[in-house]
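Participant:
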Amino acid sequence: MEVAKKREVLKGELKAIEGFEALCGDPSVGSRIGVVILNIIEMS
Numbered sequence: 001m002e003v004a005k006k007r008e009v010l011k012g013e014l015k016a017i018e019g020f021e022a023l024c025g026d027p028s029v030g031s032r033i034g035v036v037i038l039n040i041i042e043m044s
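Here it is as structure tokens:
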């Protein structure tokens with residue numbers, strides 16, 4: 001996967017995480033999920 005495509009995917013993921021944080025009311029949830037997503041992208 002090319003870098004530009006990864007960036008677009010990440011932007012989408014970040015929006016989803018922000019929405020999830022708002023739902024949970026817990027910002028640390030989003031950062032943990034973000035780390036997991038970054039790890040998955042690094043491996044792919």
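Note that the UniProt record's numbering has the sequence shown beginning at 1, numbered continuously upward.
Just so you know, even glycine gets a beta-carbon here, dropped at the ideal spot from N, CA and C.
Model, not experiment: these values are computed from the prediction.
What is the DSSP secondary structure of G12, counted as helix, strand or coil?
Facilitator: Counting from one through the sequence shown, the residue named residue 12 turns up at place 12. In this structure, G12 counts as helix in the three-state DSSP scheme.
Participant: So V29 and E21 are supposed to be a Cβ contact under 8 Å. How far apart are they, rounded?
Facilitator: Residue mapping note: residue 29 aligns to position 29 of the sequence shown, counting from 1. Residue mapping note: residue 21 aligns to position 21 of the sequence shown, counting from 1. With 8 Å as the limit, V29 and E21 qualify as a contact, their Cβ atoms being about 6 Å apart.
Participant: So, helix, strand or coil for S44, using DSSP?
Facilitator: What you label residue 44 is simply residue 44 of the sequence shown in a count that begins at 1. Of the three classes helix, strand and coil, the one that applies to S44 here is coil, per DSSP.
Participant: E42 to D26, Cα distance in whole Å?
Facilitator: Residue mapping note: residue 42 aligns to position 42 of the sequence shown, counting from 1. Residue mapping note: residue 26 aligns to position 26 of the sequence shown, counting from 1. Going by the C-alpha atoms only, they are around 25 Å apart.
Participant: So, with DSSP's three-state summary, where would you put G34?
Facilitator: For the purposes of this step, residue 34 is taken as the residue at position 34 of the sequence shown. Reduced to three states, the DSSP call for G34 is helix.
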